[in-house]
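Asks:
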Amino acid sequence: MIVHFSQIATILLMVAGLYVVIARGNMVKKLIGLSLFQTSVYLLYILPGKVLGGTPPILDPARAVYANPLPHVLILTAIVVGIATLALGLTLVVRIKEAYGTIEEDEILAKEGPKENLKDRVRNRSKSGRGGTAA
Amino acid sequence: MIATHLPVLLILAPLLGAILAALSRNGVAAWLIGLVASALTAAVAFALLWRVQAEGVISYRIGGWAPELGIEYRVDAVNAFIVVLVGIVAVLTMIFARRSVLAEIIPERVASFYTMMLLCIAGLLGIAVTGDAFNAFVFLEISSLSTYTLIALGRDRRALVAAYQYLIVGTIGATFYVIGVGLIYLVTGTLNLGLIVERLASLQSSRGLIVAEAFIVIGIGLKLALFPLHAWLPNAYAYAPSSAAVLLASTATKVAIYLLARFLFTVFGGHIDVGSIAFGSLLIGLSLAAMFLASAAAVVQNDIKRLLAFSSVGQIGYITLGLALANPTGITGGLLHLFNHALMKGAAFMAMGAIVLRTGTAKLDELAGIGRVMPWTAAALTIAGLGLIGVPGTSGFVSKYYLILGALEAGHGWLAILIVASSFIAVLYVGRIVEVVWFREPAAAAREASEAPLEMLLPMWGLAGVTIWFGVHAEWPAGLASAAADTLLRMVP
Amino acid sequence: MTATRLKILLALVALLALLVVADSFVTHHASFGIDGTPGFAAWFGLLGAAAAVVIAYGWGRLMRRPGERVDD
Amino acid sequence: MTETFGPLSPAVILIVAGLLLPLLKGGLRNGLFLAAPVAALALVWALPLGPGIAIDWLGMQLVPLAPDRMARIFGTAFGIAAVTGALYGISQSSGLEKATALIYAGAAQGIAFAGDLVTLFVFWEILAIGSTLVIWSNGNARAGLRYALIHVLGGVLLLAGISAEIAGAGGVAMHPMRADSIGRWLMLSGILLNAGAFPLSAWVADAYPKASWSGAVFLSAFTTKAAVLVLIRLFPGEPALLWIGLAMAVYGLIYALLENDIRKLLSYSIVGQVGFMVVAVGVGTPLALAAAALHALAHILYKSLLMMAAGSILRATGETRLSALGGLARSMPFTAVAMLIGGLSLAALPLTAGFVSKSAILAALAEDQARFYWFALSAVSAGSFLYIGLKLPWFALFGAPRATVALEPATSMKAAMGLLCVLILGPGCFPGWLMELAPEIAGVPILTIDHILFQILMLIAASCIFVGAWPLLQPKAGFTLDVDWLWRELPRLVVPRWRSNLDKLRLSLSAVGEGLSQGWSAFREETLRRLTLAGNWPTGQIAFWATALLAIYVLIAAL
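Protein chains in written order, with our numbering: chain W, 1 to 135; chain C, 1001 to 1493; chain Y, 2001 to 2072; chain V, 3001 to 3559.
1. Measure how close the beta-carbons of V1217 of chain C and L1260 of chain C come, nearest whole angstrom, since I'm counting them as under 8 Å.
2. Which complete alpha helix (DSSP H) runs does the stretch 3405-3478 of chain V hold, if anything under 4 residues is left out?
3. Report the residues of the stretch 1369-1402 of chain C with a CB closer than 7 Å to any CB of chain V, ordered along the chain.
4. Where does the unbroken alpha helix (DSSP H) through I79 of chain W begin, and where does it stop?
5. With distance defined between alpha-carbon atoms, name the residue in C:G1371, C:T1382, C:T1041 and C:N1327 nearest to T1487 of chain C.
6. Kindly indicate the opening and closing residues of the alpha helix (DSSP H) around M3174 of chain V.
7. Alpha carbon to alpha carbon, how far is G3215 of chain V from D1076 of chain C?
8. Does Q3061 of chain V come out as helix, strand or coil in the three-state DSSP assignment?
9. If you drop the 5 nearest sequence neighbours on each side, which residues of the same chain put their C-beta closer than 8 Å to that of S1100 of chain C?
10. Where does D106 of chain W fall in DSSP's three states?
11. Would Y3373 of chain V pass as an interface residue toward chain C - the criterion being a Cβ-Cβ separation below 8 Å?
12. Any C-beta of chain C within less than 7 Å: which residues of the stretch 37-57 of chain W qualify?
13. Could you tell me which chain W residues have their CB closer than 8 Å to the CB of E1141 of chain C, listed as they occur along the chain?
14. For the stretch 1148-1161 of chain C, which residues have a beta carbon sitting closer than 8 Å to at least one beta carbon of chain W?
15. Who are the Cβ neighbours of L3434 of chain V in its own chain at under 6 Å, not counting the five residues just before and after it?
16. Buried or exposed, going by whether 16 or more other CB atoms sit within 10 Å of the CB of E3440 of chain V?
17. Between which two residues does the alpha helix (DSSP H) holding E1448 of chain C run?
18. Could you please give the first and the last residue of the uninterrupted alpha helix (DSSP H) stretch that includes I1058 of chain C?
19. For my contact list, V93 of chain W and I83 of chain W are in at a C-beta cut-off of 8 Å; report their separation, rounded to the angstrom.
20. By the criterion of Cβ-Cβ separation under 8 Å, what are the contact partners of E104 of chain W in chain C?
21. Determine which residues share a DSSP beta bridge with E1072 of chain C and list them.
22. If we require 4 or more residues per run, which alpha helix (DSSP H) segments fall completely within the stretch 1350-1408 of chain C?
23. Is the stretch 1009-1024 of chain C in contact with the stretch 1112-1129 of chain C, if contact means three or more CB pairs nearer than 8 Å?
24. Quick one: give me the first and last residue of the alpha helix (DSSP H) that N1135 of chain C is part of.
25. For H1337 of chain C versus L1403 of chain C, is the C-beta distance shorter than 8 Å?
26. Between the stretch 3097-3104 of chain V and the stretch 3041-3059 of chain V, can you find at least three pairs of beta-carbon atoms closer than 8 Å?
27. Starting from the N-terminal side, write out each stretch of the alpha helix (DSSP H) that is 4 residues or longer and does not extend beyond the stretch 1195-1265 of chain C.
28. For A3376 of chain V, tell me which candidate among Y:L2012, Y:L2016, Y:L2015 and Y:D2035 has the shortest Cα-Cα distance.
29. Span of the alpha helix (DSSP H) holding K3098 of chain V?
30. Output needed for I3388 of chain V: all residues of its chain with C-beta closer than 7 Å, excluding positions within five of it in sequence on either side, in chain order.
31. According to the neighbour-count rule (16 or more other Cβ atoms, all chains shown, within 10 Å of its Cβ), is P114 of chain W buried or exposed?
32. What are the uninterrupted segments assigned as alpha helix (DSSP H) that are 4 or more residues long and contained completely in the stretch 3191-3247 of chain V, given in chain order?
33. Which word fits P3209 of chain V, buried or exposed, when buried means at least 16 other C-beta atoms lie within 10 angstroms of its C-beta?
34. Under the three-state reduction of DSSP, which class applies to R3330 of chain V: helix, strand or coil?
35. Since K29 of chain W meets chain C, which of its residues come closer than 9 Å, beta carbon to beta carbon?
36. Below 8 Å on the Cβ atoms is my contact criterion, and I expect V3152 of chain V with V1427 of chain C to pass it. Report the Cβ-Cβ distance as a whole number of Å.
In structure tokens, the structure reads:
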């Protein structure tokens, strides 16, 4: 159990993040879920890089055993990417709020035009279809 | 001197261009920078292709670091093919963009629009040339973030929602991908694709690898709009600014397909346990679903841009089907269709961009008789449509022909019949466009419009002409695709 | 009208008979035997054309519909 | 020698001209419209016979231009049809029809000279597109759509067959074969569909009369005869063709006899005459194949002439129904003579081209000792005189005038008809010309006394029956049901009946019936809604699908 603690934590974060993205309609909450999800990836990379008994990866003749530095570098990049995504996402949400007056996704989808038009079209089509066969 | 640095020049040209364009803060200057940068990129792409054909694989180490630690750019027959495609489309899109950007983007944002275009191009090219799995992720995110911005710059407020949806979905996709890469890193200890392949061969347990493959395939699948993960695409293409739609439709999904092929064949194909089990049947099923359902959805669309977007999802089905066949002819067909579809869809979206510029609408029922006043534009749209159907004499026929042969070679005669049958659906949606555009009496929108400006017609007809040209003289793209397929299947070292 | 028709018919039959007579003075190159007999073409033509008319008439009674097709 | 002309082929000339035509205006357009077919016809004869040019395309040996004797016969026929058709239709105002007619004619030439299956297929599709557009350019979209769908089906059958043939190591070369595998059956049925073979022959009489007065001339010439050529090249001697051809001949005769609309009658007659050719291809001896080719040539000549006459009548009176016409011989003497010559050639009156080719077909049957088919086709031939040589002229040209002539045919139209009359009578009087084209028929007795007498006796006997059975042959307004009833009318009939049955059911089992019909319409609307809104998924749904797919993927892989 303890051995796999890091993996379990990673998976929990991953699933929780994905769940929020799937289940929440609030656009900000979705972004929070997304960030959680991304955080799990940071853990996925960094945790295995820790070498038991090792020091931080600082070049020093006195220290022979140190953690794998590569994942740290990679995840630094990933964090930057994650921040950029979050910032852009939040910007979009602000603009969406301005344009639609809401940040609930289902309300926004309901406000969009095609649905109404479509219902009319379906109605018209079935009407004309019936009219045609009757005549 | 320059020749040795070609791979990195390919990325640097649009990247530096993007920085300059951002600094310029002036629409005209930004466009000029974009044009020069993309022209340079295209030239470098062709030079790369030429070198790969002459000398074989090019390996370039960034900063001189060895692959284990540093990043390697690796260009072979497959990426050279993709890079040339992106280069061609980038230049033509830049030429096309000026007028439509003037009309669609508010002046203060024009410079940032070109910045994003160049960033997107840089990201896509980076994915194509890099030989490092994590580096590919970084480039994937560079292109994705700029794409979200490009889409959000669209005039319609729905563009914002489309961009937001794509942002969520795209980030999930990229994260899935990076999870898969992380798992591979855990089992092999390296991120360099070449080294991964070497170390996979001696790998004992394949469980981690299977999960890694699943994450990577689904992650990239989201990016390339694999059915049923395509739902972000129609709105994104429909509400993005016209020139952004051209760039995205022609290159973004195509580069993602390249990445998928790279992983499926080069990386996982090398390992016996993973090679062909999971993806074959599932991918064939999903491809067929895309070919039929997405195309059927295209038939009932009223917005031509959305129609074309759904058609893209359907056409991507053909490409992935070619990959799923996993024999040289099938993969050649898939890659060739990737190439041909990029060019004809680019022409189609350019034509729509010109029509939107002149009429302000992309609704099918409002565009009746537009062929009378914009004959050249409508003709380009029609040629692209014929290509989508796969009418002989267009490049679409050649690639579908290869796909059919590939299906027969794989012993799936029924697949060959389904490929032909699904073309019927394309006949329906293209037929709808042709009927409305050419044979209806001009509606109000058409009466007030006039032919598109020459600077839009030229790139549009460049792509439409190439659709015809490669339909007749198919040897060049077919040769490239076939070489790429052989490289993917390791038929050549 | 009927009288004219009768006259035409009689004239045609007479012409036919005359030609049948002429036919019996001609050397035939028969392929199946019977087709070389004098006057074969006359009675075969009569039979063939009559059969065509009868079949067509019957088929017309069955399948002929007044008016135009709905979707023409 | 072929290399002298490089990539130039009759097909390329016509198709390029067709594509250029919309860019030109006025006299220039008409000039090109006329010059291109003439140049193509000249090229048909300038091309030296030989194996043609082979090019390597994607690893396949393609022969886009293979001028052999058969290609020359059909190239001549298509060339003459295009030249006279263009001359006839030069006063047509629709530019779209002119352009597509040239492309259509070019595709036919392409098929005539195609030396491999891929080239064949390419031109086959261009042929289908060109002809569809010719029909469309006259404005009847529904009929055009039906025509397009039928031909798309034919194209798919052919493509599937060709793909199977290539994949099955058969190669792309055109060579005689038997329908002995599924792929070849598919190929054969695709070709037969274009030939108008029974039971899928209804499209001919459905589509051709929907074209304009000039468009129908082009339509009557190319599609079915190109299919005959392909049959000659691919399936000579295929036994199935014998009875298929006979069925077509009988079908054409019966339906033409019953028809009231001149152009529909001529369309049915196309099917009947193509039936003669198909039977000859089924015999498959060199003589029979040459006879089929010559009959195609002769048929193109006289059917073009007949269609031109019908087109002139349509243009002059706005009417093509026999029941509404009459007495045109006095007001349109030139057209009347043309129609008589064309009809008599179809009925194989001696001294016309039709006599030569039909004699050759019957001689081929006799040589092969195909007794049944010889007698059957002779009888059909006698019957066809009834509608083309008697009924059509009688009701259209003689009797009391019922329609007013508003417009005499233009000089160009008269010139085209006159040219065809000469081309029909010339080879009819001098069959040696045709023997030069197809030396195989040299031994056939044509202008011998017994043979001429035989044919005249037949025709007079048929005339006796015509006069005797006069009341039965009165043209009646209406239409004859055909196989296309299955897709044109059946759905219309079934749906209301099904609905009314549903109503009855509703009376007894109202709840169930209501539920069913509501369920169905709800399902339909839901499907339509889903398709239209397919892009508007909530983000969560996409993410869910991605996760689900991931799970499925891992599951499949783990199993």
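Don't be surprised by glycine CBs; every beta carbon is placed ideally from N, CA and C.
Replies: Walking through what the data contain:
1. The C-beta distance from V1217 of chain C to L1260 of chain C rounds to 7 Å, short enough to fall under 8 Å.
2. Segments of the alpha helix (DSSP H) lying fully in the stretch 3405-3478 of chain V: 3411-3429, 3432-3437 and 3449-3468.
3. Of all residues in the stretch 1369-1402 of chain C, V1391, P1392 and G1393 have a Cβ within less than 7 Å of some Cβ in chain V.
4. First-last of the alpha helix (DSSP H) with I79 of chain W: P69 to Y100.
5. Out of C:G1371, C:T1382, C:T1041 and C:N1327, C:N1327 has the C-alpha closest to the C-alpha of T1487 of chain C.
6. For M3174 of chain V, there is no enclosing alpha helix (DSSP H), since its DSSP letter is neither H nor E.
7. Going by the C-alpha atoms only, they are around 54 Å apart.
8. Residue state, collapsed to three classes: strand.
9. Here the set comprises P1241, S1242, S1243, G1353, A1354, V1356, L1357 and M1456.
10. Of the three classes helix, strand and coil, the one that applies to D106 of chain W here is helix, per DSSP.
11. The Cβ of Y3373 of chain V sits no closer than 8 Å to any Cβ of chain C.
12. For the stretch 37-57 of chain W, which is checked against every Cβ of chain C, the residues closer than 7 Å are F37, Q38, V41, L44, Y45 and P48.
13. Within 8 Å Cβ-Cβ: V81, A84 and T85.
14. Within the stretch 1148-1161 of chain C, the qualifying residues are Y1148, T1149, A1152, R1157, R1158, L1160 and V1161.
15. The beta carbon of L3434 of chain V lies closer than 6 Å to those of L3294, V3356 and P3427 in the same chain, with the five residues before and after it left out.
16. Buried: at least 16 other Cβ atoms inside 10 Å.
17. Its alpha helix (DSSP H) spans residues A1444 to E1448.
18. In the DSSP assignment, I1058 of chain C falls outside any alpha helix (DSSP H) and within the unbroken beta strand (DSSP E) covering I1058 to R1061.
19. Not really, about 15 Å apart at Cβ, beyond 8 Å.
20. Here the premise fails: no neighbours, minimum Cβ distance about 12 Å.
21. The beta-bridge partner set that DSSP reports for E1072 of chain C consists of C:R1061.
22. Segments of the alpha helix (DSSP H) lying fully in the stretch 1350-1408 of chain C: 1370-1373 and 1375-1389.
23. These segments touch.
24. Where N1135 of chain C is concerned, the enclosing alpha helix (DSSP H) stretches over A1133 to A1152.
25. At a Cβ-Cβ threshold of 8 Å, H1337 of chain C and L1403 of chain C count as neighbours.
26. Result no; under three Cβ-Cβ pairs closer than 8 Å.
27. Whole alpha helix (DSSP H) segments, 4+ residues: 1207-1224, 1233-1239, 1242-1247 and 1253-1261.
28. Answer by Cα proximity: Y:D2035.
29. Element bounds for K3098 of chain V: G3095 to F3113.
30. Once the five neighbours on either side are set aside, the close Cβ partners of I3388 of chain V are S3269, G3343, L3346 and A3347.
31. Here P114 of chain W scores only 48 on pLDDT, less than 50, and its place in the model should not be relied on; the value that follows carries that caveat. Buried, because 16 or more other Cβ atoms sit within 10 Å of the Cβ of P114 of chain W.
32. Taking 4 residues as the minimum length, the alpha helix (DSSP H) runs contained wholly in the stretch 3191-3247 of chain V are 3202-3207, 3215-3221 and 3223-3234, in order along the chain.
33. P3209 of chain V is classed as buried because its beta carbon has at least 16 other beta carbons within 10 Å across all chains shown.
34. If DSSP states are grouped into helix, strand and coil, R3330 of chain V belongs with the helices.
35. Close partners of K29 of chain W in chain C (Cβ separation under 9 Å) are lacking, with about 11 Å as the shortest Cβ gap.
36. So it is a contact: roughly 6 Å between Cβ atoms.
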